[in-house]
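Per full-length UniProt numbering, the sequence shown starts with residue 1, numbered consecutively.
Cβ atoms here follow ideal geometry from the backbone N, Cα and C, with glycine treated the same way.
Computed from a predicted model, the values in this text were never measured in an experiment.
The structure appears below as structure tokens.
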Amino acid sequence: MSTSKFGQTLAKGLGIKLDYRNPTNEKLTRGESTFSVGSADSYIEEEPHVGEWFRQHTPTGRQVGRYFYDLFPFLHWITRYNLQWFAGDMVAGVTIGAVVVPQAMAYASLAELDPQFGLYSSFMGVLIYWFFATSKDITIGPVAVMSTVTGEVILHAQSISPHVQGHVIASALSIICGGVICFIGLARLGWLVELIPLVAIAAYMTGSALFIAIGQVPTLLGISDFFDTRQHSYWVVIKTLRNLPNCNLDAAMGLTALFMLYLIRGVFNMLAKKNPNRRKLWFFLNTMRSVFVILLYTFISAMVNLNLPDRSSDSADLSPFSITGPVPRGFQNAKVPKIDTRIVNLFVSYIPVSIIVILIEHISIAKSFGRVNNYTINPSQEMVAIGVTNLLGPFLGAYPATGSFSRTAIKSKAGVRTPFAGFITAIVVLLAIYALPVVFFYIPKASLSAIIIHAVGDLITPPNTVYQFWRTSPLEVPIFFAGVLVTIFATIEIGIYVTITLSMAVYLFRAFKAQGRFLGKVKVHSVIGDHLLDNDNGRVMSSRNPDNDPDASARNIFVPITAEDGSNPAIKPEHPYPGVFIYRFSEGFNYPNANHYTDYLLQTIFKETQRTNPNSYGRLGDRPWNDPGPRRGQEVVDTGLPHLKAVILDMSSVNNVDLTSVQNLIDVRNQLDRYCAPEKVQWHFAHINNRWTKRALASAGFGFATPEDDENFARWKPLFSVAELGGTESAAAEAERRVNRTLSTSKADGDLEHGHQRGVSSREVDSINENSEKSSEYDHKFKPSGKHTVVQGLNRPFFHMDLTSALQSAIQNMDALQVKPATFELVTEKGG
């Protein structure tokens, strides 16, 4: 709300309290001594404003120009293109071109399309992608899973409207999916793909591979005409077993081709291990196995079918085994795609799963190979590349395309240097489209099925990977198997929906049931061998045992009291201080888990403390029903438990809060204030790393104390962390380093951290109280050699940099408000 006169008048008229729950603001602006730090510069933290947020997120002219420049990533490297890069791209491009031609023709059959449409998709994918690519390894084109989904879309649409041609439906699907994906990329919403977890991707890939392989077995054996191979996988298996007696010559062409593919791969993998010096040669020969097998069986088919009258469809039916048949030369289907609402309505229900399939394969593969080859992709830009490819491809007859795992792996191992290798692949595919249609006529369909089965076999998640899933996250392994089984017994799209839904359900369950942990204090020393390390710079201090070393080498850490973090259970963390509780949020703090967090907080506090004034109720009827108190005639028994004094919240895992979570804290604060009446509970916060979270908490009255009167306010002692300006380059830091160097004596190998439990002794409590009453000694001891300033704002003294300062502040204010007024205490944190 504006602080102008008009704004104040409007706020007053609407009943808006501009300084609501900000009692320290007036005293701070008056410069009260409570908020002053004489030995350090002051700092007032400004609250973030909505206008500031809009300014930060409104792009500047330079950013807009950068946006358009980044739409064409090839501009970043094309001016430095050289012959060495070209040599690597040439080898990789030709290799992929030789591999993609037989694969594209095989995948077209999965899409219920003629072979040439697979070639069109391959050509447009590699030709367009390199302009927009942020990955040098990815190869866009027809893939097994997306081709299968396209085939299902075509069959579904033709069951409603039989007169619509399959390639028309496929082109329309490509344009719709490409348009949606391109928009997501242009809007830079690529982070949406992170909603699809790894387990869903693995289950989808494995289930789809099994689904496709099982569906290709009938064609491999020559019995696909006896039943529908598009049914559920388990039904296809049953039908295949029943029709085994009907196998024909296709089985010979298919099974031997499949056996040869695996044999060649095994032989060359073995040779690569035995002769590592020639590994590159064996690799290239290995990648050509699909080309070799197709050429071999095409030659056999041509020899068998020499007596065919011509190369027409009728002549192809005369072959003793199924062959591909006529493939038109050139781009016979190049035209403006036909798309209207009538066609789109035929497959509208398949659009979401088609988009998901395209994104899952491409982004996951691109990220994986980016990590392997030490570069980072831009998911949003990759979506632009996929979108543009699928938008323009249908003009030449292409159907939906995305990144291919097998071809990308080959391209990476072939030594590709830049995305320009895709242009070279496009030339190879173009030559095949115009020069090889005569040869394509004789390709056996069973051999193409062998190519498909061999290719999708690499998509199946190995058992060792599943075992690693179990080691990492056991709860996600059932999700993996559920996705695979649903894909096999239902469809690919249902399998995708199931895995994503189950993964989201697990995430939400964890968020809703997130439980905080109460922390205790443990004193530790860092040692190397038997040598202590200085806390500040890690230098060796002495060779003495830490038990005999002064506390200068020790530090306090805060660990869960229940040892749920895996720390040594033999070490029993001590309670921070009687009546003080440190509570750490484990997984954010928002409306789904706010009540679950605070219920556990209250439950533990009520269990481990006692009411400050058990007789605070005037009459028996004033007591609430859920706290009836002792029976009539009996007195309240003193349990010996401490009274609640302060609650410290560790916000290190919290980034944002919302209305529900903040209101929940307010309710808990009010409940605990009644529990501790007539005293008030201190609320301290550590590790808040978001200014908007500070603003939200401050608006609810957190971040500062609220003494009832000016007398208590004068006794209130805010504690601030102070850092030296200049950090490690300051004079004080250099002097400290000189002292540390004189203390350094030796160095040893190994690293060990010892924890020592220590109870709160009466001597320590007396020492704390003594320090509270003589806090002027702290000011005397603090002799800054350089310029200092407070780290956090003076206006939010209960927002602390760490748990140590939060605990110190709670203890000091507890003593100050209970004993007698004391002056300000200063705690220093060294900068750098």
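(message) Quick check on the burial criterion: 16 or more other C-beta atoms within 10 angstroms. Buried or exposed for Glu152?
(response) That one is buried.
(request) Starting from the Cα of Leu241, find the closest Cα among Pro197, Gly215, Ile582 and give me that residue. (result) With distances taken between Cα atoms, Leu241 lies closest to Gly215.
(request) Please check the pair Val580 and Ala677, which I expect to be a contact at CB under 8 Å, by giving their CB distance rounded to whole angstroms. (result) No, Val580 and Ala677 are not in contact; Cβ-Cβ is about 18 Å, not under 8 Å.
(request) Please go through the same chain and pick out, in chain order, the residues whose beta-carbon is closer than 8 Å to the beta-carbon of Asn373, but skip the five residues on each side of it. (result) Lys136, Asp137, Ser412
(message) Judging by CA-CA distance, which residue of Asn243, Asn82, Cys177, Tyr234 is the nearest neighbour of Ser224?
(response) Asn243
(message) Taking only three categories from DSSP, how would you classify Trp692?
(response) For Trp692, the three-state secondary structure derived from DSSP is helix.
(request) Just confirm the distance between the C-beta atoms of Phe798 and Phe704, as a whole number of angstroms; I'd bet it's less than 8 Å. (result) 6 Å
(message) Tell me the rounded alpha-carbon separation between Ser406 and Val143.
(response) So the alpha carbons of these two residues sit roughly 9 Å apart.
(message) For Pro718, tell me which candidate among Ser567, Gly640, Ala810 has the shortest Cα-Cα distance.
(response) Ala810
(request) Give a yes or no on contact between the stretch 517-526 and the stretch 266-278, applying the rule of three or more CB pairs nearer than 8 Å. (result) no
(request) Using alpha carbons as the reference points, say which of Ala104, Ala202, Ser805, His362 lies closest to Tyr467. (result) Of the listed residues, the one whose Cα sits closest to Tyr467 is Ala202.
(request) Taking 8 Å as the threshold, find out whether the stretch 177-187 comes into contact with the stretch 377-396 through three or more Cβ pairs. (result) Counting Cβ pairs under 8 Å, three or more are found: they touch.
(request) Classify Asp114 as buried or exposed, calling it buried when 16 or more other Cβ atoms lie within 10 Å of its own Cβ. (result) buried
(message) Starting from Tyr583, trace the beta strand (DSSP E) in both directions and tell me its first and last residue.
(response) 580-584
(message) Quick check on the burial criterion: 16 or more other C-beta atoms within 10 angstroms. Buried or exposed for Lys607?
(response) exposed
(request) Helix, strand or coil for Arg611, going by three-state DSSP, please let me know. (result) coil
(message) Going by DSSP in three states, Ser312 sits in which element: helix, strand or coil?
(response) The three-state secondary structure of Ser312, taken from DSSP, is coil.
(request) Spell out a yes or no on whether the stretch 360-375 and the stretch 109-128 are touching, meaning 3 or more CB-CB pairs, one atom from each, closer than 8 Å. (result) no
(request) Return the chain-ordered list of same chain residues with a C-beta closer than 8 Å to the C-beta of residue 842, the five sequence neighbours on each side being excluded. (result) Because the chain spans 1 through 832 in this model, residue 842 falls outside it and cannot be assessed.
(message) If the criterion is Cβ atoms closer than 9 Å, does the pair Ile44 and Asn690 meet it?
(response) No.
(request) Assign Trp683 to one of three DSSP states: helix, strand, or coil. (result) strand
(message) Classify Thr9: buried if its beta carbon has 16 or more other beta carbons within 10 angstroms, exposed otherwise.
(response) Under this definition Thr9 is an exposed residue.
(request) Compute the distance between the beta-carbons of Phe702 and Arg674, then report whether it is under 9 Å. (result) no
(request) Report the residue from Asn613, Val180, Ala11 whose alpha carbon sits nearest the alpha carbon of Val348. (result) Val180
(request) Give me the Cβ distance between Gly97 and Thr402, rounded to the nearest whole Å; I'm assuming they're in contact under 8 Å. (result) Not really, about 18 Å apart at Cβ, beyond 8 Å.
(request) Closer than 6 Å by C-beta to Trp470: which residues in its own chain qualify, once you throw out the five before and the five after it? Chain order, please. (result) Val477
(message) I need the straight-line Cα distance from Val199 to Tyr507, nearest angstrom please.
(response) 13 Å
(request) Could you tell me the distance, in whole angstroms, from the CA atom of Met814 to the CA atom of Val681? (result) 10 Å
(request) Below 6 Å CB to CB, which residues in the same chain sit around Leu665 once its five sequence neighbours on both sides are set aside? (result) In the same chain as Leu665, and ignoring 5 residues on each side of it, no C-beta atom comes closer than 6 Å to its own.
(message) If the criterion is Cβ atoms closer than 9 Å, does the pair Leu119 and Thr150 meet it?
(response) no
(message) Using the Cβ count rule (16 or more neighbours within 10 Å means buried), how would you classify Gly13?
(response) Exposed: under 16 other Cβ atoms inside 10 Å.
(message) If I measure Cβ to Cβ from Gly93 and keep anything under 6 Å in the same chain, skipping five residues before and after, which residues do I get?
(response) Ala421, Ile424, Thr425
(request) Quick one: residues in its chain with C-beta nearer than 8 Å to the C-beta of Asp70, no 5 flanking neighbours on either side, listed in chain order? (result) Result list for Asp70: Asn378, Gln381, in chain order.
(request) Let me know if Glu753 comes out buried or exposed under the rule of 16 or more other beta-carbons within 10 Å of its beta-carbon. (result) Confidence is the limiting factor: at Glu753 the pLDDT is only 42, short of 50, which leaves the residue's position unreliable, though a coordinate-based value still follows. Residue burial is scored here from C-beta neighbours: Glu753 has fewer than 16 other C-beta atoms within 10 angstroms and is therefore classed as exposed.
(message) Quick check: what's the CA-CA separation for Thr745 versus Leu532?
(response) No answer about Thr745 holds up, because its pLDDT of 45 lies below 50 and its placement is not dependable.
(message) Quick check: the stretch 343-361 against the stretch 282-293, are at least 3 beta-carbon pairs closer than 8 Å?
(response) no
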